[in-house]
Amino acid sequence: MGIPFGYKMKRTWDRRPNGIMPKTITCDDCKVPFVVKKRVPCLDKKIRCLSCKKKYRKLTDSNDKSRQVYHRDNRLRRIYDLSLEDYNRILAAQGGACAICGSGSETKLVVDHDHVTGLNRELLCDPCNNLLGRALDSPAILYLAIRYLVKHGKKSPL
Numbered sequence: 131m132g133i134p135f136g137y138k139m140k141r142t143w144d145r146r147p148n149g150i151m152p153k154t155i156t157c158d159d160c161k162v163p164f165v166v167k168k169r170v171p172c173l174d175k176k177i178r179c180l181s182c183k184k185k186y187r188k189l190t191d192s193n194d195k196s197r198q199v200y201h202r203d204n205r206l207r208r209i210y211d212l213s214l215e216d217y218n219r220i221l222a223a224q225g226g227a228c229a230i231c232g233s234g235s236e237t238k239l240v241v242d243h244d245h246v247t248g249l250n251r252e253l254l255c256d257p258c259n260n261l262l263g264r265a266l267d268s269p270a271i272l273y274l275a276i277r278y279l280v281k282h283g284k285k286s287p288l
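Written out as structure tokens, the structure is:
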């Protein structure tokens, strides 16, 4: 009789109890070989030894202000084509407050932009930015909303 077609024999003699073979891999940072007892991460991630991982964690600690500034600057450049210096200059020109309601926000103000042209406008607090987005940036919808509020007893801010 023989082994059925498609049946794979398990080679248990060269495996560890958890089914993972230990491997020797070279660290991408310090180029020192080390033994990996767990699965190796995806190829697009750097493989680091334990000492390099500790150094990297200290360097990229979430409380590190320089890292936060770097990521904020990178995000502003990528999404809005705006440097952190430009953002701070606009913020100072607005007096550190929202361009619509004028309230100083404890959190960072967001960059308002036109979804059709992609041009940046001014800095807004999150509620004002959401208001414009929900109204589809339409002055007509906002005017109708003001009329609705006045009709139902709210005083006009104008």
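In our numbering, each number is its position in the sequence shown, counted from 1, plus 130. For each residue, glycine too, the CB sits at the ideal point set by N, CA and C.
The beta strand (DSSP E) spanning V246 covers which residue range?
Unbroken run through V246: none, as it is neither H nor E.
I155 - DSSP class collapsed to helix/strand/coil
strand
Helix, strand or coil for V121, going by three-state DSSP, please let me know.
No statement about residue 121 is possible, as the shown extent of the chain runs from 131 to 288 and does not include it.
Contact defined as beta carbons within less than 8 angstroms: I believe S213 pairs with D203. What is the distance between those atoms, to the nearest angstrom?
7 angstroms
Assumed close pair L254, I230 - CB separation to whole angstroms, cut-off 8 angstroms
6 angstroms
What's the C-alpha gap between C258 and Y186?
If you take the alpha carbons of C258 and Y186, they lie about 39 angstroms apart.
Alpha helix (DSSP H) containing V199: first to last residue?
Note, V199: alpha helix (DSSP H), K195 to Y210.
What does a CB cutoff of less than 8 angstroms around V162 pick up in its chain, not counting 5 residues either side in sequence?
T156 and C179
Under 8 angstroms Cβ to Cβ from T154, same chain only, skipping five residues before and after it: list those, please.
Within its own chain, the residues whose Cβ lies closer than 8 angstroms to the Cβ of T154, once the five positions on either side in sequence are excluded, are P163, F164, V165 and V166, listed in chain order.
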